[in-house]
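Under my numbering, the first residue of the sequence shown carries the number 132, and numbering increases by one thereafter.
The structure appears below as C-alpha coordinates.
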Amino acid sequence: MHYLEQVEEYFETLIDTLHKIDRSALVNIIKLIELTVKNNQTIYVMGNGGSASTASHMQNDLGNIVTQICGQRVKIYCLSDNIPTITAIANDYSYDVIYLRQLQGRLEKEDLLIAISVSGNSQNILNAVEYAKSVKANVVAMTGFSGGELKRHANFNINVPIDNMQISEDVHLIFNHLITYILNSVKN
(Lines of atoms letter the chains of each structure in order from A and count residues from 1; the text may use other names and numbers.)
(Lines give C-alpha, C1' and ligand atoms only; values in the text may rest on other atoms or scores of the structure.)
Protein backbone atom coordinates (compact mmCIF):
# COMPACT_ATOMS: atom_id res chain seq x y z
CA MET A 1 0.00 0.00 0.00
CA HIS A 2 1.29 3.45 -0.86
CA TYR A 3 1.51 6.19 1.75
CA LEU A 4 -1.18 8.29 0.09
CA GLU A 5 -3.58 5.33 0.22
CA GLN A 6 -2.81 4.87 3.92
CA VAL A 7 -3.44 8.56 4.57
CA GLU A 8 -6.76 8.38 2.74
CA GLU A 9 -7.75 5.22 4.61
CA TYR A 10 -6.93 6.79 7.98
CA PHE A 11 -8.90 9.96 7.20
CA GLU A 12 -11.88 7.93 5.97
CA THR A 13 -11.82 5.79 9.11
CA LEU A 14 -11.66 8.89 11.31
CA ILE A 15 -14.57 10.53 9.48
CA ASP A 16 -16.65 7.33 9.57
CA THR A 17 -15.99 7.03 13.30
CA LEU A 18 -17.06 10.63 13.96
CA HIS A 19 -20.39 9.88 12.28
CA LYS A 20 -20.97 7.09 14.84
CA ILE A 21 -20.50 9.28 17.94
CA ASP A 22 -23.50 9.69 20.25
CA ARG A 23 -24.04 13.42 19.98
CA SER A 24 -26.64 13.57 22.76
CA ALA A 25 -24.14 12.00 25.19
CA LEU A 26 -21.61 14.65 24.20
CA VAL A 27 -24.15 17.44 24.76
CA ASN A 28 -24.98 16.01 28.20
CA ILE A 29 -21.29 16.05 29.09
CA ILE A 30 -20.95 19.67 27.98
CA LYS A 31 -23.96 20.60 30.13
CA LEU A 32 -22.47 18.77 33.12
CA ILE A 33 -19.14 20.58 32.73
CA GLU A 34 -20.97 23.91 32.50
CA LEU A 35 -23.07 23.09 35.58
CA THR A 36 -19.98 22.03 37.54
CA VAL A 37 -18.33 25.37 36.82
CA LYS A 38 -21.49 27.39 37.54
CA ASN A 39 -21.74 25.66 40.92
CA ASN A 40 -18.11 26.60 41.68
CA GLN A 41 -17.09 22.94 41.84
CA THR A 42 -13.78 21.51 40.67
CA ILE A 43 -13.04 19.41 37.60
CA TYR A 44 -10.33 16.74 37.76
CA VAL A 45 -9.14 15.01 34.61
CA MET A 46 -6.89 11.97 34.19
CA GLY A 47 -5.61 9.44 31.69
CA ASN A 48 -2.66 7.16 30.94
CA GLY A 49 -0.24 7.43 28.01
CA GLY A 50 -1.79 9.31 25.10
CA SER A 51 -4.91 9.83 27.21
CA ALA A 52 -2.75 11.61 29.82
CA SER A 53 -1.69 13.99 27.07
CA THR A 54 -5.34 14.62 26.21
CA ALA A 55 -6.12 15.18 29.90
CA SER A 56 -3.32 17.74 30.14
CA HIS A 57 -4.53 19.42 26.97
CA MET A 58 -8.05 19.58 28.42
CA GLN A 59 -6.79 21.30 31.56
CA ASN A 60 -4.99 23.84 29.39
CA ASP A 61 -7.95 24.51 27.11
CA LEU A 62 -10.68 24.70 29.73
CA GLY A 63 -8.47 26.49 32.24
CA ASN A 64 -6.94 29.04 29.88
CA ILE A 65 -9.22 29.45 26.87
CA VAL A 66 -12.52 29.12 28.69
CA THR A 67 -11.40 31.27 31.61
CA GLN A 68 -14.90 31.95 32.83
CA ILE A 69 -18.31 30.42 32.34
CA CYS A 70 -21.20 32.53 33.61
CA GLY A 71 -18.91 34.57 35.84
CA GLN A 72 -17.08 31.62 37.41
CA ARG A 73 -13.46 30.64 36.94
CA VAL A 74 -12.91 27.15 35.63
CA LYS A 75 -11.21 25.17 38.39
CA ILE A 76 -9.62 22.23 36.61
CA TYR A 77 -6.68 20.03 37.56
CA CYS A 78 -4.99 17.33 35.53
CA LEU A 79 -4.00 14.47 37.82
CA SER A 80 -1.63 13.14 35.14
CA ASP A 81 0.65 16.21 35.13
CA ASN A 82 2.52 15.98 38.45
CA ILE A 83 5.33 13.52 37.74
CA PRO A 84 6.96 13.73 41.21
CA THR A 85 3.63 12.97 42.91
CA ILE A 86 2.77 10.17 40.48
CA THR A 87 6.16 8.48 40.82
CA ALA A 88 6.20 8.83 44.61
CA ILE A 89 2.76 7.24 44.93
CA ALA A 90 3.67 4.50 42.43
CA ASN A 91 6.92 3.78 44.27
CA ASP A 92 5.57 3.97 47.83
CA TYR A 93 2.15 2.38 47.27
CA SER A 94 1.21 1.16 43.81
CA TYR A 95 0.71 2.48 40.31
CA ASP A 96 -2.91 1.35 40.70
CA VAL A 97 -3.57 4.18 43.17
CA ILE A 98 -1.73 7.11 41.55
CA TYR A 99 -4.99 8.95 40.86
CA LEU A 100 -6.97 7.69 43.84
CA ARG A 101 -4.43 9.03 46.35
CA GLN A 102 -4.37 12.43 44.64
CA LEU A 103 -8.16 12.65 44.93
CA GLN A 104 -8.40 11.61 48.57
CA GLY A 105 -9.05 14.64 50.73
CA ARG A 106 -9.60 16.87 47.68
CA LEU A 107 -12.47 15.50 45.64
CA GLU A 108 -15.83 16.67 46.96
CA LYS A 109 -19.47 15.89 46.37
CA GLU A 110 -20.66 17.38 43.06
CA ASP A 111 -17.09 17.81 41.74
CA LEU A 112 -16.47 16.27 38.33
CA LEU A 113 -13.92 13.59 37.48
CA ILE A 114 -13.22 13.13 33.76
CA ALA A 115 -11.60 9.76 33.08
CA ILE A 116 -10.04 9.26 29.65
CA SER A 117 -9.19 5.66 28.78
CA VAL A 118 -9.32 3.98 25.39
CA SER A 119 -9.60 0.49 26.89
CA GLY A 120 -11.71 1.53 29.86
CA ASN A 121 -9.92 -1.11 31.91
CA SER A 122 -6.94 0.68 33.48
CA GLN A 123 -6.96 -0.21 37.17
CA ASN A 124 -5.63 3.17 38.33
CA ILE A 125 -8.49 4.89 36.50
CA LEU A 126 -11.10 2.45 37.84
CA ASN A 127 -9.86 2.88 41.43
CA ALA A 128 -10.16 6.67 41.18
CA VAL A 129 -13.63 6.39 39.65
CA GLU A 130 -14.78 4.06 42.43
CA TYR A 131 -13.58 6.61 44.99
CA ALA A 132 -15.31 9.45 43.12
CA LYS A 133 -18.59 7.57 43.20
CA SER A 134 -18.18 6.94 46.95
CA VAL A 135 -17.99 10.70 47.65
CA LYS A 136 -20.86 11.39 45.23
CA ALA A 137 -18.76 13.21 42.66
CA ASN A 138 -19.87 13.05 39.04
CA VAL A 139 -17.89 10.91 36.62
CA VAL A 140 -17.54 11.37 32.87
CA ALA A 141 -15.76 8.68 30.88
CA MET A 142 -14.24 9.08 27.44
CA THR A 143 -13.61 5.56 26.16
CA GLY A 144 -12.78 3.64 23.02
CA PHE A 145 -13.15 0.02 21.94
CA SER A 146 -16.18 -1.37 23.83
CA GLY A 147 -15.78 1.03 26.78
CA GLY A 148 -14.49 -1.61 29.18
CA GLU A 149 -15.37 -1.51 32.88
CA LEU A 150 -15.19 2.27 32.95
CA LYS A 151 -18.37 2.79 30.94
CA ARG A 152 -20.40 0.99 33.60
CA HIS A 153 -19.16 3.20 36.43
CA ALA A 154 -19.51 6.65 34.86
CA ASN A 155 -22.51 8.96 35.06
CA PHE A 156 -21.91 9.68 31.38
CA ASN A 157 -19.80 7.75 28.90
CA ILE A 158 -18.89 9.03 25.47
CA ASN A 159 -17.53 6.09 23.54
CA VAL A 160 -15.49 6.06 20.36
CA PRO A 161 -16.85 2.84 18.84
CA ILE A 162 -13.76 1.53 17.08
CA ASP A 163 -11.02 -0.95 17.95
CA ASN A 164 -8.26 1.48 17.02
CA MET A 165 -6.25 3.26 19.70
CA GLN A 166 -4.99 6.08 17.47
CA ILE A 167 -8.42 6.97 16.08
CA SER A 168 -9.91 6.79 19.59
CA GLU A 169 -7.28 9.16 20.95
CA ASP A 170 -7.77 11.53 18.00
CA VAL A 171 -11.51 11.66 18.66
CA HIS A 172 -11.00 12.22 22.40
CA LEU A 173 -8.92 15.28 21.55
CA ILE A 174 -11.65 16.41 19.15
CA PHE A 175 -14.12 16.09 22.06
CA ASN A 176 -11.86 18.36 24.11
CA HIS A 177 -11.67 20.95 21.36
CA LEU A 178 -15.42 20.78 20.73
CA ILE A 179 -16.21 21.19 24.44
CA THR A 180 -13.82 24.15 24.63
CA TYR A 181 -15.26 25.72 21.47
CA ILE A 182 -18.84 25.47 22.71
CA LEU A 183 -18.16 26.60 26.28
CA ASN A 184 -16.00 29.47 25.04
CA SER A 185 -19.01 30.72 23.07
CA VAL A 186 -21.19 30.93 26.21
CA LYS A 187 -18.71 32.53 28.61
CA ASN A 188 -19.43 35.94 30.06
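All C-beta atoms, glycine included, are put in the ideal place defined by N, C-alpha and C.
- Query: Of the residues D192, Y134, V158 and G180, which one's Cα is nearest the Cα of I174?
  - Reply: From the listed residues D192, Y134, V158 and G180, the smallest Cα separation to I174 is found for D192.
- Message: Can you give me the C-alpha to C-alpha distance between E165 and Y134, rounded to a whole angstrom?
- Response: Rounded to whole angstroms, the separation of the alpha carbons of Y134 and E165 is 42 Å.
- Query: In this structure, does DSSP put Y226 in helix, strand or coil?
  - Reply: When DSSP states are grouped into helix, strand and coil, Y226 belongs to the helix group.
- Message: Can you tell me where the beta strand (DSSP E) holding I289 begins and where it ends?
- Response: Segment F287 to N290, the beta strand (DSSP E) holding I289.
- Task: Per DSSP, which residues does I207 bridge with? Please list them.
- Result: Answer by DSSP bridge pairing, in chain order: I174.
- Query: Which of the three DSSP states, helix, strand or coil, is assigned to V249?
  - Reply: If DSSP states are grouped into helix, strand and coil, V249 belongs with coil.
- Message: Please state the DSSP three-state secondary structure of V200.
- Response: Note on identity: in this sequence residue 200 is Ile, with Val being the wrong assignment. I200: strand per DSSP, three-state reduction.
- Item | Segment contact flag, the segment 193-213 with the segment 144-161, C-beta cutoff 8 Å, min 3 pairs | Result no; under three Cβ-Cβ pairs closer than 8 Å.
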